[in-house]
Amino acid sequence: MEEAKPETGIEESITMSISSEDPYQDFRASMEEMVVAHELREWHSLQELLHCYLRLNERKNHKVIMLAFVDLLMQLMEMEKEV
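Sequential numbering from 1 applies to the sequence shown in UniProt numbering.
Here's what the structure looks like:
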């Protein structure tokens with residue numbers, strides 16, 4: 001059985017390791033940049049984005065990644081309401 005390939009191009013993006021004084025803000029800004037760069041709007045694409053962040057980062061960062069992701073979703077939902 002062949003494994004499904006990501007459709008968004010997220011996997012081809014460059015990853016960077018940084019030390020941060022505000023990991024929440026850095027993850028949040030990074031996710032927003034990815035959403036804009038890859039025009040992510042569909043739920044499956046946003047899930048793929050989240051899974052990439054969780055997979056590429058240490059478990060100790062998962063809580064802040066989840067918080068940043070939920071905040072991003074809330075912002076996207078608000079933007080949809082305004083349209």
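No residue lacks a Cβ here, since even glycine has one placed at the ideal position from N, Cα and C. Since the structure is predicted, the reported quantities are computational estimates derived from the model, not experimental observations.
Check                                                                                  : Outcome
Under the three-state DSSP convention, the category residue 18 falls into              : coil
Cβ pair residue 87, residue 26 closer than 7 Å                                         : Outside the shown range of the chain, which is 1 to 83, sits residue 87, and nothing can be said about it.
Rounded straight-line distance, which links the Cα of residue 72 to that of residue 82 : 16 Å
Buried versus exposed, by CB contacts within 10 Å (16 or more), residue 28             : buried
With 16 other Cβ atoms within 10 Å as the buried cut-off, status of residue 48         : buried
DSSP three-state assignment for residue 32, whether helix, strand or coil              : helix
Residue from 50, 42 and 43 with nearest C-alpha to residue 30                          : 50
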